Structure formats: C-alpha cells, structure tokens
Amino acid sequence: QQPVQSPQAVILREGEDAVINCSSSKALYSVHWYRQKHGEAPVFLMILLKGGEQKGHEKISASFNEKKQQSSLYLTASQLSYSGTYFCGTVLPGNQFYFGTGTSLTVIP
Amino acid sequence: GAGVSQTPSNKVTEKGKYVELRCDPISGHTALYWYRQSLGQGPEFLIYFQGTGAADDSGLPNDRFFAVRPEGSVSTLKIQRTERGDSAVYLCASSLTSGASYNEQFFGPGTRLTVL
Numbered sequence: 002q003q004p005v006q007s008p009q010a011v012i013l014r015e016g017e018d019a020v021i022n023c024s025s026s027k028a029l030y031s032v033h034w035y036r037q038k039h040g041e042a043p044v045f046l047m048i049l050l051k052g053g054e055q056k057g058h059e060k061i062s063a064s065f066n067e068k069k070q071q072s073s074l075y076l077t078a079s080q081l082s083y084s085g086t087y088f089c090g091t092v093l094p095g096n097q098f099y100f101g102t103g104t105s106l107t108v109i110p
Numbered sequence: 002g003a004g005v006s007q008t009p010s011n012k013v014t015e016k017g018k019y020v021e022l023r024c025d026p027i028s029g030h031t032a033l034y035w036y037r038q039s040l041g042q043g044p045e046f047l048i049y050f051q052g053t054g055a056a057d058d059s060g061l062p063n064d065r066f067f068a069v070r071p072e073g074s075v076s077t078l079k080i081q082r083t084e085r086g087d088s089a090v091y092l093c094a095s096s097l098t099s100g101a102s103y104n105e106q107f108f109g110p111g112t113r114l115t116v117l
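As structure tokens, then:
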C-alpha cells in the first residue's frame, strides 16, 4: 500500500532542476508532499486534492494525475536548502496515512 | 504551545521494560497521528485519533503497543515488554478536524527510543 517513489536518490548542482515521481497501486484521493532533513521531523510542502491539480510553493511545484494514480514534484533552480528526503503521502479510507518510499535529494554547490 | 511537542526526546530502556511516550498536539487540533520511523525509512503509520477515540489503530504492530488520548488533547503511546526491534524514532503529528485527508500534518520532533 506504500506509494513508490523514483528516483531513490538524486544529486544536483545548485540551480539545476529535478523531478520526483510518486506512484500508487491504490486509488489516490489526495497526495501530500513532505520534506525531511536529517535528524528532523517531516515538514509539509503541499497537498493536492483534485485530479490534475497543480500547486506551487516557492520554486517547488507538483502535479497530480488521478487517473494514473501518480504525482510528480518539480524542483526548479534548486538551492542548497532543498537538500533532504522528500516523501509523498496518501490517505486511505479510515484516514490511515502512508508515506512513500522516499527520495533523497542532495544539492551541492 | 506553538507546535507539537513530544517527551522525552530520547529514551533508553532495557529489553522487556515498559515505556510511555507522550505527545502534546497543537491546541485545537482534533486529529492526531503516531508514526514510527526506522533509520533510512519513511515514517510508518501506527494509529490515528479523532478526538478521544482511536479512529484507526490498524498500524499498531502487535498487542504490546497501545495508545490513549483520554481528553482529546495529549496522547500517550505505551509499549509493553519492549524488544530491540522497537528501537526507532516515534513521531507524533496533529492536524485540524478532518485529519490528514485535507489538512497538513504538523510533526513533533520525535522521541528516539533505544531498546538495549
């Protein structure tokens, strides 16, 4: 039931772009994105509630394709502060919340 | 308080002992989640409270784990007869009324549990 993310890890130079994908075998009613820095708790980035919805947060945006049960997170002009592990998450009926497998992002100067 | 707080921040115990982990959510948040995170893994859902009741406890790994939220605010996760495999960071999160479906979760700093 855990969403699968790809890639597992990515290394970027400052200013480069990246895409993180999240795919679920179960129907997605909403998709959440969180970022977790080493030794810290996850921090909310955004929720996408409708199929096809796109949202933006600073230079980070996301899309949600309900039919394909997929979501993608787009990071443009990456900054050093973007480093961390990114998790998508989904809610199942009953409000069980499942985090995805995670993508480790490292931005280097 | 301004955010979700958890105590203790670190807990070291011996195999077979009983431990209690406390979570104090953001005031007014009726939804509360417990997660367990092992090194290199994502948070794993344990239990969800809506108010005082456990709306979904399907993530609790076995009957050694139990959680309460008697007054709809502070929650305590209780682990009996701890095992080395219980070692992990236990995270608590709270959100507004309807839970995680439509609301962001605010996470506490976690309790690092080490079972020797």
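Going down the list, the sequences are from chains A and B. This note's numbering numbers the first residue of the first sequence as 2 and each following residue consecutively. This note's numbering numbers the first residue of the second sequence as 2 and each following residue consecutively. Cβ coordinates follow ideal geometry from the N, Cα and C atoms, glycine included. Here the structure is a predicted model, which means the values were calculated and not measured.
Chain-ordered neighbours of residue i on chain B, where CB pairs are closer than 7 angstroms
i	result
Pro43(A)	Pro44 and Phe108
Residue i at chain B interface by Cβ criterion, 8 angstroms
i	result
Ile61(A)	no
Bridge partner(s) assigned by DSSP for residue i
i	result
Thr115(A)	An answer regarding residue 115(A) cannot be provided, because it is not within the stretch 2 to 110 covered by chain A.
Gly85(A)	Leu106(A)
Lys60(A)	Partner(s): none; Lys60(A) has no beta bridge.
Glu21(B)	Lys79(B)
Ala94(B)	Tyr34(B) and Phe108(B)
Leu74(B)	A small correction: the amino acid at residue 74(B) is Ser; Leu does not occupy that position in the sequence shown. Ser74(B) pairs with nothing; no bridge assigned.
Lys12(B)	Leu114(B)
Ala10(A)	Ser105(A)
Leu50(A)	DSSP lists no partner for Leu50(A).
Ser6(B)	Asp25(B)
Gln37(A)	Thr86(A)
Gln71(A)	Ser24(A) and Asn66(A)
Ala89(B)	Leu114(B)
Ala19(A)	Leu76(A)
Contact list for residue i against chain A, beta-carbon separation under 9 angstroms
i	result
Glu72(B)	Result: empty, since nearest Cβ-Cβ is about 20 angstroms, beyond 9 angstroms.
Tyr91(B)	Ordered by position in chain A, no residue passes the 9 angstroms Cβ test against Tyr91(B), which lies about 11 angstroms from the chain.
Residue i at chain A interface by Cβ criterion, 8 angstroms
i	result
Tyr19(B)	no
Ser10(B)	no
Ser59(B)	yes
Gly111(B)	yes
Contact list for residue i against chain A, beta-carbon separation under 8 angstroms
i	result
Ser88(B)	Those do not exist, as Ser88(B) stays about 16 angstroms from chain A at its closest Cβ, beyond 8 angstroms.
Within 7 angstroms of chain B by C-beta, residues of the region 12-26 of chain A in sequence order: none
Cβ-based contacts, 7 angstroms cut-off: residues of the region 75-104 of chain A near chain B: Phe88, Val92, Gly95, Asn96, Gln97, Phe98, Tyr99, Phe100, Gly101, Thr102 and Gly103
Complete beta strand (DSSP E) runs within the region 27-70 of chain B (minimum length 3 residues, chain order): 32-38, 45-51, 54-57 and 66-69
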